[in-house]
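What follows is one structure encoded as structure tokens, with my remarks underneath.
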Amino acid sequence: MTSQKICRVGVVGAGQMGAGIAEVCARAQADVIVYEPTRDLVAAGRGRILSSLDRGVSSGKLTEREREQAADRLRFTSDLEDLADRQLVCEAVVEDEAVKTAIFTELDRVVVDPDAVLASNTSSIAIMKLATATRNPGRVIGLHFFNPVPVLPLVELVTTLMTAPEVTARAESFAHDVLGKQVIRSADRSGFVVNALLVPYLLSAIRMVESAFSTVEDIDKAMVLGCAHPMGPLKLADLVGLDTVKAIADKMYEEFGEPLYSPPPLLLSMVEAGRVGKKVGHGFYDYDRLLVGKK
Ligand code: 3HC
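Below is the structure:
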């Protein structure tokens with residue numbers, strides 16, 4: 001196993017999480033290739049990353065030069081084969097087991113280095129299921145980031161019974177030493193540590209709205225002013241994406257069978273209606289009409 005520092009990274013998926021992961025990798029001096037399957041999705045992903053870099057400049061966290069250097073370290077592709085020489089690939093596509101397992105089977109074929117780390121940003125799908133979709137399950141691991149990725153300092157590191165110790169050490173060192181994130185370990189159980197605690201809380205807030213216990217605004221105000229949370233649970237559910245909250249809750253309910261993980265009807269209706277939160281401009285709140293690729 002090589003102990004070479006990871007400097008060639010691939011990111012599969014450039015939605016809000018994938019774009020954030022690609023951005024922090026590029027800002028940390030890595031050479032990054034971002035994969036999306038179509039030109040439109042590539043353009044949207046590129047727009048997301050560039051507008052977040054702009055935000056870094058306007059908030060004084062990045063200089064113009066650092067923004068240009070980070071942008072120069074990013075390349076985009078619609079051909080997965082372009083990830084062949086990567087030392088670490090992080091998958092951040094939709095929270096769907098069939099889609100993710102298919103990607104891991106392909107990555108396993110494409111990524112040449114047997115010591116490369118194949119990581120998933122899944123929140124709720126067993127890393128073991130992704131590992132067993134490959135011929136080399138020892139290089140598969142969970143690296144779970146938090147939204148907005150450039151702002152939140154945590155990464156959950158999730159190993160399986162088959163993850164090679166060297167892969168774990170390499171992934172942890174990348175997240176901590178290269179990206180500057182704080183790393184915690186979690187068992188390979190649906191939701192890991194953060195979502196196992198967070199999702200029942202978000203679902204409880206949605207049930208409160210459903211039963212007219214209080215209003216959306218007052219529930220959020222309660223947690224911001226009463227518990228000093230940076231944002232209330234309904235605004236946070238909008239930020240995460242209600243489709244993602246539902247997908248995580250479905251998986252957790254499937255694994256644990258506890259009613260507290262069962263997605264409430266209001267969540268199902270909102271997802272059905274396409275009102276899935278900030279990324280589309282509507283959720284529990286209305287946001288300014290968002291253009292694809294803009295914040
Ligand atoms: N990209 C880059 N920087 C961003 C950003 C983004 N998308 N969003 C915010 N920032 C920066 C801003 O530039 C600002 O920087 P500054 O303080 O230097 O000016 C700073 O973050 C604070 O942003 P704002 O002043 O615009 O807004 P707020 O103070 O309201 O903070 C927030 C916004 C950072 C989103 C804060 O409300 C927050 O941390 N909320 C909680 C988010 C959270 O809990 N995320 C976890 C979700 S769970 C998850 O992701 C797991 C998944 O599996 C579901």
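When we follow full-length UniProt numbering, the leftmost residue of the sequence shown carries the number 1, and every step to the right adds one. Built from N, CA and C at the ideal position, the CB exists for glycine as well.
For Leu154, the three-state DSSP class (helix, strand or coil): Under the three-state reduction of DSSP, Leu154 is assigned to strand.
Cross-strand partners of Phe76 (DSSP beta bridge): Paired residue(s): Val34.
Contact test: residue 299 Cβ vs the ligand 3HC heavy atom, cutoff 7 Å: With the chain represented from 1 up to 295, any question about residue 299 goes unanswered, as that position is not in the structure.
So what does DSSP say about Arg39, is it helix, strand or coil? Here Arg39 sits in helix by DSSP.
Check whether the Cβ of Leu179 sits closer than 7 Å to any heavy atom of the ligand 3HC, and report yes or no. Checking every heavy atom of the ligand 3HC against the Cβ of Leu179, none is found closer than 7 Å.
Beta-carbon proximity of Leu83 to Val42, cut-off 8 Å: Cβ atoms of Leu83 and Val42: not closer than 8 Å.
Beta-carbon gap between Pro150 and Gly56 smaller than 8 Å: Yes, Cβ-Cβ distance for Pro150 and Gly56 is below 8 Å.
Less than 7 Å between the CB of Asn195 and some heavy atom of the ligand 3HC, yes or no? Within the cutoff, so yes.
For Thr101, which residues of its own chain have a beta-carbon under 8 Å away from its beta-carbon, when the five flanking residues on both sides are left out? Hits under 8 Å: Lys129, Leu130, Ala133.
Rounded to a whole number of angstroms, what is the C-alpha to C-alpha distance between Val193 and Leu202? Near 15 Å, if we compare the C-alpha coordinates of Leu202 and Val193.
Start-to-end residues for the beta strand (DSSP E) that takes in Gly10: From DSSP, the beta strand (DSSP E) with Gly10 extends over 8–12.
Are the beta-carbon atoms belonging to Ile21 and Asn121 less than 8 Å from one another? It is a contact, given that the beta carbons lie within the stated cut-off.
Between Ser52 and the ligand 3HC, is the CB less than 7 Å from at least one heavy atom? Ser52 Cβ: within cutoff of the ligand 3HC.
Within 10 Å of its beta-carbon, does Met231 have 16 or more other beta-carbons around it, so buried, or fewer, so exposed? Met231 comes out exposed.
How many Å lie between Lys5 and Phe174 at the Cα? Rounded to whole angstroms, Lys5 to Phe174 spans 8 Å at the Cα level.
Nearer than 7 Å: is that true of the beta carbon of Met252 relative to any heavy atom of the ligand 3HC? Relative to the ligand 3HC, Met252 has its C-beta separated by 7 Å or more from all heavy atoms.
Determine the DSSP secondary structure at Glu258, reduced to helix, strand or coil. In this structure, Glu258 counts as coil in the three-state DSSP scheme.
Any non-hydrogen atom of the ligand ADP within 7 Å of Glu258 CB: Among the ligands in the structure shown, the ligand ADP does not appear; only the ligand 3HC can be found there.
Sequence-distant residues of the same chain with beta carbon closer than 7 Å to Glu172, five excluded per side: Only Leu157, Val183 meet the Cβ criterion.
Thr215 versus Lys221: straight-line alpha-carbon distance, rounded: If you take the alpha carbons of Thr215 and Lys221, they lie about 10 Å apart.
Who does Arg185 pair with in a DSSP beta bridge? As computed with DSSP, Arg185 is found in a beta bridge with Leu157.
Do the CB positions of Val209 and Lys246 come within less than 8 Å of each other? Contact flag unset, no.
Within 10 angstroms of the Cβ of Pro264, are there 16 or more other Cβ atoms? Answer buried if so, exposed if not. Looking at its Cβ environment, which holds 16 or more other Cβ atoms inside 10 Å, Pro264 is buried.
Excluding sequence positions up to five away, which residues of its chain have a Cβ less than 7 Å from the Cβ of Gly191? Excluding residues within five positions, the ones whose Cβ falls inside 7 Å are Ser123, Ser124, Val199, Ile248, Met252.
Residue span of the alpha helix (DSSP H) that contains Val194, given as start and end: Val194 -> alpha helix (DSSP H) spans 192–210.
Flag Val240 as yes when its Cβ comes closer than 7 Å to any non-hydrogen atom of the ligand 3HC, and as no otherwise. Within the chosen limit of 7 Å, the ligand 3HC reaches the beta carbon of Val240 through at least one heavy atom.
Is Asn147 near the ligand 3HC, with its Cβ less than 7 Å from a heavy atom? The ligand 3HC approaches Asn147 closely enough that one of its heavy atoms is under 7 Å from the residue's Cβ.
Does the segment 27–42 come into contact with the segment 5–19, if we say contact requires no fewer than three beta-carbon pairs (one atom in each stretch) closer than 8 Å? Short answer: they touch.
With the cut-off set at 8 Å, would you say Arg73 and Val32 are in Cβ contact? A Cβ-Cβ contact shorter than 8 Å links Arg73 with Val32.
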